[in-house]
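Novice: This is the structure, below, for whatever I ask next.
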Amino acid sequence: MVAGRLSRYFGRRFLGASLTVFVGVFGLVLLVDYIELMRRSAGEANASALLAAGISVTRVPQIMERIMPFAVLVGAMLCYLNLSRRLELVVARSAGMSAWQFVAPAVIAALLVGAVATAVYNPIAAMLQEQSKRLEDRAFNNAQHSGLQATGTGFWVRQKSVDGQSIINAVSSTDQGVRLGGVTVFMYDQAGRFVERTEAKIAMLEEGHWRLVDARRYPVDAPPERLQDYRLKTNLTLAQVRETFATPETVSFWDLPFFIEMADHAGLAAAGYRLQYQKLISRPALLAAMVLVAAAFSLRFFRFGGVQKMVLSGIVAGFLLYVLSKVTEDLSKAELMHPAAAAWLPVIIGVLTGLVPLLYQEDG
């Protein structure tokens, strides 16, 4: 009964420490992002302090998805170090608790947090990310749609139609590529000769064509022409557009199976969607692995010394796991590694990194 009460106490301490770290980092990232947006929008007539705040608030949640494992790692380390500093671990040891009983509540809590993060937090973050793109399009409307200068970055896609080929560049993309902002289209005839350049503030995909709003045409053999509404024929389907413009990170966990199936039926590569799906499925296990890594490098009594080195070692281990995850992601996106292997390999390495030292410490 005492052990159960202590386990619940340790679980609450872990959740409190992890939440504190997560909220603290969230506030810091939000502040930095807001300051950067205010700097960018200094000369924009459409941008206001309130609009910049809305953009930051809606896009920071997705940034925090990538930081969440580190928040759990740091939170778990702070939890165990505080318990050790206050001699609570010594008391628990004297009550007959093992290291596994210290770690188990945090591991279970991390699994539950990871499940909620995948099933609830991710869809909300993806929805807010789309909203942030719409707000950013409003705030930087003039800067993003100023003409050919904007074509050096953004999204690119090549299409064909009965009129010839076209290359489309868009500075921004919302609604999974159905609505584009800052569009520049380079048109070629059937023989491959350049015909004209068209620029538009907005392009919306409709059945069989793109509808360009507030367009300006620059033909090679005629004066420039301004059109409020211009239709550009296309053979692209919704599936092809989403594959080109929609990033897997902006797709909700519950929508990813549909995107994968749609890309497969269209004959398009779905490696990015499959990888994102496997990463979200493995997230609870990844957070639990971070708890094990934290425990392996922080379950040390203060009187033994060397705590600073142990903490630094834990942070380095978490960083190396992050580097490993990025490497496996790149290999998966290049189709050199199966998405499931790319998502689960860092988890397995993390679990082993935490379990082996704990086994050595506890069982010799």
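Once you know that position 124 of the sequence shown is 342 in the working numbering, the rest is easy, because the numbers rise by one and skip nothing. Yeah, the Cβ is synthetic: ideal placement off N, Cα and C, and Gly gets one too.
Tell me which same chain residues have a C-beta within less than 6 Å of the C-beta of Phe244, skipping the five on either side of it?
Specialist: Numbered from its first residue, the sequence shown carries residue 244 at position 26. Excluding residues within five positions, the ones whose Cβ falls inside 6 Å are Met282.
Novice: Count the CB pairs spanning the region 556-567 and the region 295-307 that are closer than 8 Å, and state whether there are at least three.
Specialist: As far as the Cβ criterion goes, the region 556-567 does not touch the region 295-307, which means the pair count is below three.
Novice: Residues in the same chain with beta-carbon distance under 7 Å from Leu255, minus the five sequence neighbours each way, listed in chain order, please.
Specialist: Within the sequence shown, the letter at position 37 stands for residue 255. Once the five neighbours on either side are set aside, the close Cβ partners of Leu255 are Ala270, Ile273 and Ser274.
Novice: Counting only the same chain and skipping the five closest in sequence on each side, list residues whose C-beta sits under 8 Å from that of Thr276.
Specialist: Position 58 of the sequence shown, counting from 1, holds the residue named residue 276. Hits under 8 Å: Leu346, Gln347, Gln349, Ser350 and Leu353.
Novice: Taking the alpha helix (DSSP H) that Phe288 belongs to, which residues open and close that run?
Specialist: Residue numbering aside, residue 288 sits at position 70 when the sequence shown is read from its first letter. Note, Phe288: alpha helix (DSSP H), Ala267 to Arg303.
Novice: What separation, rounded to the nearest whole angstrom, lies between the Cα atoms of Asn300 and Asp355?
Specialist: One-based indexing of the sequence shown puts residue 300 at position 82. One-based indexing of the sequence shown puts residue 355 at position 137. Rounded to whole angstroms, Asn300 to Asp355 spans 46 Å at the Cα level.
Novice: Val574: which of Phe515, Thr546 and Leu542 sits nearest, CA to CA?
Specialist: The residue labelled residue 574 in the question sits at position 356 within the sequence shown. The residue with the shortest Cα to Cα distance from Val574 is Phe515.
Novice: Of all the options Ile478, Val325, Gln394 and Ala552, which has the alpha carbon lying nearest to the alpha carbon of Pro502?
Specialist: By one-based count along the sequence shown, residue 502 stands at place 284. Pro502 has its Cα closest to that of Val325, out of Ile478, Val325, Gln394 and Ala552.
Novice: Do Gly400 and Ser390 come within 8 Å of each other at the CB atom, strictly closer than that value?
Specialist: Position 172 of the sequence shown, counted from the first residue, corresponds to residue 390. Position 182 of the sequence shown, counted from the first residue, corresponds to residue 400. Yes, they are a contact pair.
Novice: How should Ile253 be labelled, buried or exposed, when 16 other C-beta atoms within 10 angstroms of its C-beta is the threshold for buried?
Specialist: Against the sequence shown, residue 253 aligns to sequence position 35. Ile253 comes out exposed.
Novice: How should Ala327 be labelled, buried or exposed, when 16 other C-beta atoms within 10 angstroms of its C-beta is the threshold for buried?
Specialist: Taking the sequence shown and counting its residues from 1, one reaches residue 327 at position 109. So Ala327 counts as buried.
Novice: Among residues of its own chain, excluding the 5 on either side of Ile386, which ones have a beta-carbon nearer than 6 Å to its beta-carbon?
Specialist: On the sequence shown, residue 386 is found 168 positions in, with the first residue counted as 1. Hits under 6 Å: Val375 and Val403.
Novice: Would a C-beta distance cut-off of 8 Å place Gly568 and Leu504 closer than the cut-off?
Specialist: Numbered from its first residue, the sequence shown carries residue 568 at position 350. Numbered from its first residue, the sequence shown carries residue 504 at position 286. Going by C-beta atoms, Gly568 is nearer than 8 Å to Leu504.
Novice: Using C-beta distances below 6 Å, list every residue in its chain close to Val509, excluding the 5 sequence neighbours before and after it, in chain order.
Specialist: What you label residue 509 is simply residue 291 of the sequence shown in a count that begins at 1. Within the same chain, Val509 has close Cβ partners Ala294, Ala324, Val325 and Ala328.
Novice: Determine the burial state of Leu366: buried for a count of at least 16 other Cβ atoms within 10 Å of its Cβ, exposed for fewer.
Specialist: For the purposes of this step, residue 366 is taken as the residue at position 148 of the sequence shown. Caution is warranted here: a pLDDT of 32 is assigned to Leu366, below 50, making its placement in the model unreliable, and the coordinate value is therefore given only provisionally. With fewer than 16 Cβ atoms within 10 Å of its Cβ, Leu366 is classed as exposed.
Novice: Val375 lies in the beta strand (DSSP E); which residues open and close that run?
Specialist: Translated into the one-based positions of the sequence shown, residue 375 becomes position 157. Residues Phe373 to Ser379.
Novice: According to DSSP, Val403 sits in a beta bridge with which residue or residues?
Specialist: Mapped onto the sequence shown, residue 403 falls at position 185. Looking at the DSSP assignment, Val403 forms a beta bridge with Ile386 and Thr416.
Novice: For the alpha helix (DSSP H) that Pro441 lies in, which residues bound it at each end?
Specialist: Position 223 of the sequence shown, counted from the start, is the residue given in the question as residue 441. Taken as a continuous stretch (DSSP letters only), Pro441 belongs to no alpha helix (DSSP H), as it is neither H nor E.
Novice: Within 10 Å of its beta-carbon, does Asn340 have 16 or more other beta-carbons around it, so buried, or fewer, so exposed?
Specialist: As a working note, residue 340 is residue 122 in the sequence shown. By the 10 Å Cβ count, Asn340 comes out buried.
Novice: Since I believe Ala388 is in contact with Ala421 (beta carbons under 8 Å), could you give me their beta-carbon distance rounded to a whole number of angstroms?
Specialist: Along the sequence shown, one-based indexing puts residue 421 at 203. Along the sequence shown, one-based indexing puts residue 388 at 170. Ala421 to Ala388, Cβ: 7 Å. Contact.
Novice: Helix, strand or coil for Val569? Go by DSSP, reduced to three states.
Specialist: Here residue 569 refers to the residue found at position 351 when the sequence shown is read from its first residue. The answer is helix: DSSP assigns Val569 an H, G or I state.
Novice: Out of curiosity, what's the CA-to-CA distance linking Ala322 and Arg226?
Specialist: Taking the sequence shown and counting its residues from 1, the one referred to as residue 322 is at position 104. Taking the sequence shown and counting its residues from 1, the one referred to as residue 226 is at position 8. Between Ala322 and Arg226, the C-alpha separation is close to 10 Å.
Novice: Checking the sheet assignment: what are the DSSP bridge partners for Tyr436?
Specialist: As a first step, residue 436 must be located in the sequence shown, where it is residue number 218. BP columns for Tyr436 point to Arg415.
Novice: Grab the span of the alpha helix (DSSP H) containing Ala552 for me, first residue to last.
Specialist: Locating residue 552 in the sequence shown gives position 334, where the first residue counts as 1. Careful: Ala552 lies outside any alpha helix (DSSP H) and carries neither H nor E.
Novice: Check whether the Cβ atoms of Pro475 and Gln494 sit closer than 8 Å, and answer yes or no.
Specialist: Within the sequence shown, residue 475 is the residue found at index 257, counting from 1. Within the sequence shown, residue 494 is the residue found at index 276, counting from 1. In this structure, Gln494 does not lie closer than 8 Å to Pro475 by Cβ.
Novice: What would DSSP say about Thr468, mapped onto helix, strand or coil?
Specialist: Reading the sequence shown from its first residue, position 250 is the one you call residue 468. Three-state result, Thr468: helix.
Novice: If you drop the 5 nearest sequence neighbours on each side, which residues of the same chain put their C-beta closer than 6 Å to that of Arg397?
Specialist: Position 179 of the sequence shown, counted from the start, is the residue given in the question as residue 397. Result list for Arg397: Met422, in chain order.
Novice: Enumerate, from N- to C-terminal direction, the unbroken beta strand (DSSP E) stretches of 3 or more residues contained entirely within the region 472-518.
Specialist: Runs found: none.
Novice: Considering Cα atoms alone, identify which of Glu547, Leu291 and Glu425 is closest to Ala489.
Specialist: Along the sequence shown, read from residue 1 onward, the residue named residue 489 stands at position 271. When only C-alpha atoms are compared, the closest one is Glu547.
Novice: Determine the DSSP secondary structure at Gln446, reduced to helix, strand or coil.
Specialist: On the sequence shown, residue 446 is found 228 positions in, with the first residue counted as 1. In the structure shown, Gln446 sits in a strand (DSSP, three-state: E or B).
Novice: Kindly indicate which residue of Leu249, Cys297, Val469 and Ser316 has the alpha-carbon position closest to the one of Gly577.
Specialist: Indexing the sequence shown from 1 puts residue 577 at position 359. Before going further, note that residue 577 is Leu rather than Gly in the sequence given. Nearest option by C-alpha distance: Ser316.
Novice: Leu554 to Leu563, Cα distance in whole Å?
Specialist: Here residue 554 refers to the residue found at position 336 of the sequence shown. Here residue 563 refers to the residue found at position 345 of the sequence shown. For Leu554 and Leu563, the distance between alpha carbons rounds to 14 Å.
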